[in-house]
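Everything on this sheet refers to the single structure shown next.
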Amino acid sequence: MSEVTYAVAHAVATITLSAPERRNALSVEMSRELIDAARAAEADATVGAVVVTGGQHFCAGAVRAVLADTGLDPVEDEAYRNLETVYRAFTTIGDLGVPTIAAVRGAAVGAGLNLALATDLRIVSRTARLLPGFAQIGIHPGGGHFTLLNRVAGREAAAAMGLFGEEVSGERAVQLGLAWSAHDDAEVETEAHALAGRVARDPELARRLVRTFRRETVPGGVPWDVAVELERSPQMWSLRRKHGPARGGEGATAAGSA
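Written out as structure tokens, the structure reads:
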């Protein structure tokens, strides 16, 4: 039975973790399916945005057995590769060439929090629980956890959560800059899809936008003059596409419309 579902509607791909019996904890198989779904979205030129969700429970981290097997012999080939696959579940989402949104209800713990932080934007329920969980079970964070926290919410939040194990609610996450908006549970996916739908209406432009966005918002940022040059080429491309000579029989009226 598939542990990840994938669907496309109105140019938005929805990737849903679907193992509610374990609160969507990432198994090796689920991680592989998540990677495959992400790659399917990227390969589909009609997809302009991706929403990642877990339904009632976003993701409770990695399956404990994966961590335990790695702990028995960290350099044993299969154990090493299995943990690496779990890492790739969220690093693949983070590198996806289209805008991404995490729709978070329930808990996002450990690797599940990494998955949420890997997306470009987070829409959360008011009662969502965002917590690292690593040190609380006696292990060091993994997957670039401190960097993810720091680049989204800054050093203070990274220290409070990553070092001291602070749990953050959905409403508090918005105050800290960890999420864009918080809603009642029943509204989370609807709000996430509404936002995704705006940019997804023009998939080609969406992919150009997100590429420039990520280049300019790397930790430390880039100087303004560099940002001007980074944006020049894609903006010229978009202007030519909108206002340039009509191709394929399309009239100038469409090109001149807002």
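0 is the number of the first residue of the sequence shown in numbering that gives the first Met the number 0; add one for each residue after it.
By construction, the Cβ of each residue, glycine as well, lies at the ideal position given by its N, Cα and C atoms.
Buried or exposed by the 16-neighbour rule on C-beta atoms within 10 Å, applied to residue i
| i | result |
| --- | --- |
| Met160 | buried |
| Leu162 | exposed |
| Gly164 | exposed |
| Pro131 | buried |
| Ile138 | exposed |
| Ile14 | buried |
| His56 | buried |
| Asp224 | exposed |
| Phe89 | buried |
| Ser232 | exposed |
| Ile136 | exposed |
| Ala156 | buried |
| Arg128 | buried |
Span separating the alpha-carbon of residue i from that of residue j
| i | j | result |
| --- | --- | --- |
| Gly70 | Thr84 | 16 Å |
| Val3 | Ser26 | 11 Å |
| Ser168 | Thr126 | 6 Å |
| Ala110 | Phe133 | 9 Å |
| Ala193 | Glu41 | 20 Å |
| Arg171 | Gly143 | 22 Å |
| Val11 | Arg197 | 10 Å |
| Arg121 | Val103 | 7 Å |
| Arg240 | Val97 | 19 Å |
| Ala78 | Ala152 | 32 Å |
| Ala24 | Glu228 | 42 Å |
Per DSSP, cross-strand counterpart(s) of residue i
| i | result |
| --- | --- |
| Tyr5 | Ile14 |
| Ala40 | BP columns for Ala40 are empty, so no partner. |
| Leu130 | Val108 |
| Leu258 | Here the chain has residues from 0 to 257 only, and residue 258 is not among them. |
| Gly50 | It is Val, not Gly, that sits at residue 50 in the sequence shown. Looking at the DSSP assignment, Val50 forms a beta bridge with Thr13, Ile100. |
| Ala193 | Answer is none; Ala193 lacks a bridge partner. |
| Ala181 | Val123 |
| Ser168 | Arg128 |
Identity of the residue in the options nearest residue i by Cα
| i | options | result |
| --- | --- | --- |
| Val209 | Gly93, Thr52, Ala10 | Gly93 |
| Ser237 | Arg206, Leu82, Val217 | Arg206 |
| Ala62 | Val51, Asn81, Ala226 | Looking at the sequence itself, residue 62 is Val, so the reference to Ala does not match. Checked all of Val51, Asn81, Ala226; the closest Cα to Val62 is Asn81. |
Chain B within 8 Å of residue i, Cβ atoms only
| i | result |
| --- | --- |
| Gly196 | In the structure shown, chain B does not exist; there is a single protein chain. |
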